[in-house]
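Asks: Using full-length UniProt numbering, the letters of the sequence shown correspond one by one to residues 1 to 387.
C-beta: ideal position from N, C-alpha, C; glycine also.
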Amino acid sequence: MLLENKQVAIIGGGPGGLTLARLLQQQGCMVKVYERDAGPYVRQQGATLDLHYESGLKALAEAGLMEAFRKNFRPGAERVTITDNHAVIHYTERSEAPVQDLNNENARPEIDRGPLRDLLIASLKDHTVVWNSKFRALEENGNGWNVLFENGTTVYADLVVACDGASSRVRKYITDIARIYSGVTIIEGNIYNAAVHAPRLWELTNGGKVFAHWNGKTIVLSAKGEGSLSFYTITEEPEDLSKTSGIDFTDRVQVFSWFRQRFADWSEDWHEVFSSSDSYFVARPQYYFPKDQSWKTVPNLTVIGDAAHQTPPSGDGVNQAMLDALELYQALCLQDFTTVQEALASYEKEMLSRTSVTTEEASQLMQSMLSDNSFRIMLDFFEKIKA
């Protein structure tokens with residue numbers, strides 16, 4: 001086996017990195033996951049994730065985790081409601097929770113990020129995840145790397161896999177291809193105990209998701225299993241909005257003032273988001289990598305997930321990251337390559353080809369969501385699916 005007696009360092013403990021660790025450990029590989037968070041519960045996890053049959057679910061099945069997934073996914077959370085700017089419903093899926101066949105190629109079951117992370121961590125050997133390990137630098141050491149962390153520790157790895165997200169610090173050791181600003185900034189929020197603090201919007205989500213479109217602006221609501229409500233605005237903004245606008249996006253009152261101005265043609269129904277101090281908000285400019293990117297394979301270093309192929313907002317990021325993990329594992333452990341570099345080169349070629357398509361699809365989706373006719377476009381899309 002290519003990784004026999006080799007130490008693998010995975011930088012980043014998101015779904016992609018944890019999935020890869022699980023798959024490699026099933027083959028007896030020595031692997032550690034280095035995560036910047038101080039622990040599993042120190043940071044709020046984002047909205048729910050829909051896993052796809054041909055990617056996210058496929059990786060979980062290969063990892064032997066479908067039973068754990070069945071215990072944690074949320075039937076009915078994939079339910080979509082489409083509204084206009086006045087929160088008037090124009091399309092909604094059936095009110096009862098459907099029974100999903102997870103073996104169906106059209107399956108799109110939803111799971112909260114927290115439970116997905118928890119089940120992946122629980123599947124690993126004790127002490128696989130090394131917390132409070134914020135990556136600082138790589139130094140070449142023979143045929144491998146010394147991995148340096150900001151807490152002062154250094155470890156050796158024969159193979160390093162960068163899974164450290166869209167703002168990856170590891171990627172620069174592979175390629176200098178830069179991200180491109182998409183023109184879109186998301187204002188993300190989370191409203192805790194939403195049934196009390198935002199009862200109208202909580203009812204509107206009906207345990208699922210709301211997509212509200214109007215005049216080139218979008219709001220997304222997503223109900224979470226622990227009773228909170230994730231909130232996103234999607235609008236075209238200057239890349240440096242959070243620096244030049246004078247708005248403190250950690251200040252709910254200032255964000256509300258921005259929202260009332262930016263969404264002046266939307267009804268006050270949406271103001272419930274800002275009614276409680278038990279919430280948080282953050283500005284997230286959205287970037288993507290060129291769809292034609294490529295690089296020369298490094299013999300002992302590779303990359304998966306958003307660190308490899310961030311796209312405009314599409315909702316498919318976690319699935320692509322988990323599919324990366326699966327395909328990298330297959331190249332390293334199941335296919336007939338004679339060197340690690342050959343396996344990495346094959347994986348990267350297929351990954352870059354696949355994600356070139358997803359980047360183009362995400363760009364088209366974003367253009368539709370931001371068009372003046374976005375409401376009609378998205379409504380027609382879902383009504384076509386329903387028919």
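To the nearest angstrom, how far is it from the Cα of residue 372 to the Cα of residue 217?
Replies: Reading the sequence shown from its first residue, position 372 is the one you call residue 372. Reading the sequence shown from its first residue, position 217 is the one you call residue 217. Roughly 8 Å separates the two Cα atoms.
Asks: Take residue 235 and list the residues in its own chain whose beta-carbon comes closer than 6 Å to its own, dropping the five residues that flank it on each side.
Replies: Taking the first residue of the sequence shown as 1, we reach residue 235 at position 235. So the list reads 217, once near-sequence residues are dropped.
Asks: Please list, in chain order, all residues of the same chain as residue 97 whose beta carbon is under 7 Å from its beta carbon, the five residues on each side excluded.
Replies: Stepping through the sequence shown from its first residue, residue 97 is reached at position 97. Reliability fails at residue 97, whose pLDDT of 48 lies under 50, so the model's placement of it is uncertain and no value is given.
Asks: Where does residue 50 sit, in a helix, a strand or coil, going by DSSP?
Replies: The sequence position of residue 50 within the sequence shown is 50, counting from 1. In this structure, residue 50 counts as strand in the three-state DSSP scheme.
Asks: In terms of residues, what are the limits of the beta strand (DSSP E) holding residue 224?
Replies: By 1-based counting over the sequence shown, the position of residue 224 is 224. Residue 224 -> no beta strand (DSSP E), and no H or E assigned at all.
Asks: Quick one: grab the DSSP three-state call for residue 213.
Replies: Here residue 213 refers to the residue found at position 213 of the sequence shown. Three-state DSSP puts residue 213 in a strand.
Asks: From 354, 318 and 342, pick the residue whose C-alpha is nearest to that of residue 113; which is it?
Replies: Position 113 of the sequence shown, counting from 1, holds the residue named residue 113. Cα-wise, what sits closest to residue 113 is 318.
Asks: Within 10 angstroms of the Cβ of residue 394, are there 16 or more other Cβ atoms? Answer buried if so, exposed if not.
Replies: This structure cannot speak to residue 394, because the chain is shown only from 1 to 387.
Asks: Looking only at DSSP bridge pairs, what is residue 91 linked to?
Replies: Within the sequence shown, the letter at position 91 stands for residue 91. Beta-bridge pairing links residue 91 to 82.
Asks: If you draw a straight line from the C-alpha of residue 122 to the C-alpha of residue 20, how long is it?
Replies: Taking the sequence shown and counting its residues from 1, one reaches residue 122 at position 122. Taking the sequence shown and counting its residues from 1, one reaches residue 20 at position 20. Answer to the nearest angstrom: the Cα atoms are 14 Å apart.
Asks: What does residue 56 pair with, by DSSP beta-bridge criteria?
Replies: Working through the sequence shown from its first residue, we reach residue 56 at position 56. Bridge partners of residue 56: none, in fact.
Asks: Cβ of residue 144 within 7 Å of Cβ of residue 157?
Replies: Residue numbering aside, residue 144 sits at position 144 when the sequence shown is read from its first letter. Residue numbering aside, residue 157 sits at position 157 when the sequence shown is read from its first letter. For residue 144 and residue 157, yes; Cβs fall inside 7 Å.
Asks: Tell me which residue opens and which closes the beta strand (DSSP E) that residue 302 is part of.
Replies: Taking the sequence shown and counting its residues from 1, one reaches residue 302 at position 302. Residues 301-303.
Asks: What's the gap between the Cα of residue 249 and the Cα of residue 337?
Replies: Residue mapping note: residue 249 aligns to position 249 of the sequence shown, counting from 1. Residue mapping note: residue 337 aligns to position 337 of the sequence shown, counting from 1. Spanning the two alpha carbons is a distance of roughly 50 Å.
Asks: Which runs of the beta strand (DSSP E), 3 residues or longer, sit entirely within the segment 272-304?
Replies: DSSP runs (the beta strand (DSSP E)) wholly in the segment 272-304: 279-288 and 301-303.
Asks: Quick one: is residue 395 buried, meaning 16 or more other Cβ sit within 10 Å of its Cβ, or exposed?
Replies: What the structure shows of the chain is the stretch from 1 to 387, and residue 395 is not part of that stretch, so it cannot be assessed.
Asks: Residue 153 lies in the alpha helix (DSSP H); which residues open and close that run?
Replies: Taking the sequence shown and counting its residues from 1, the one referred to as residue 153 is at position 153. No alpha helix (DSSP H) holds residue 153; DSSP gives it neither H nor E.
Asks: Expressed to the nearest angstrom, what Euclidean distance is found between the alpha-carbon atoms of residue 107 and residue 29?
Replies: For the purposes of this step, residue 107 is taken as the residue at position 107 of the sequence shown. For the purposes of this step, residue 29 is taken as the residue at position 29 of the sequence shown. Each residue's Cα considered, the two are about 31 Å apart.
Asks: Does residue 97 come out as helix, strand or coil in the three-state DSSP assignment?
Replies: Working through the sequence shown from its first residue, we reach residue 97 at position 97. Any answer about residue 97 is weak, because its pLDDT of 48 lies below 50 and its placement is not dependable; what the coordinates show is given next. Of the three classes helix, strand and coil, the one that applies to residue 97 here is coil, per DSSP.
Asks: Under a Cβ-count criterion, where at least 16 other Cβ atoms within 10 Å of its own Cβ denotes burial, should residue 304 be classed as buried or exposed?
Replies: For the purposes of this step, residue 304 is taken as the residue at position 304 of the sequence shown. Buried, since its Cβ has 16 or more Cβ neighbours within 10 Å.
Asks: Less than 8 Å between the CB atoms is what I'm expecting for residue 351 and residue 16, so what's the real figure, rounded?
Replies: Within the sequence shown, the letter at position 351 stands for residue 351. Within the sequence shown, the letter at position 16 stands for residue 16. Wrong, their Cβ atoms sit about 11 Å apart, outside the cutoff.
Asks: Report the rounded CA-to-CA distance for residue 202 versus residue 210, giving the unit in angstroms.
Replies: Within the sequence shown, the letter at position 202 stands for residue 202. Within the sequence shown, the letter at position 210 stands for residue 210. When rounded, the distance between both Cα atoms is 10 Å.
Asks: Could you pull the start and end residues of the alpha helix (DSSP H) that residue 3 belongs to?
Replies: Start at 1 with the first residue of the sequence shown, and residue 3 comes out as number 3. Neither: residue 3 is in no alpha helix (DSSP H) and is coded neither H nor E.
Asks: Flag this pair as yes or no: are the beta carbons of residue 228 and residue 192 separated by less than 7 Å?
Replies: Your numbering for residue 228 matches position 228 in the sequence shown. Your numbering for residue 192 matches position 192 in the sequence shown. A contact, by the Cβ cut-off of 7 Å.
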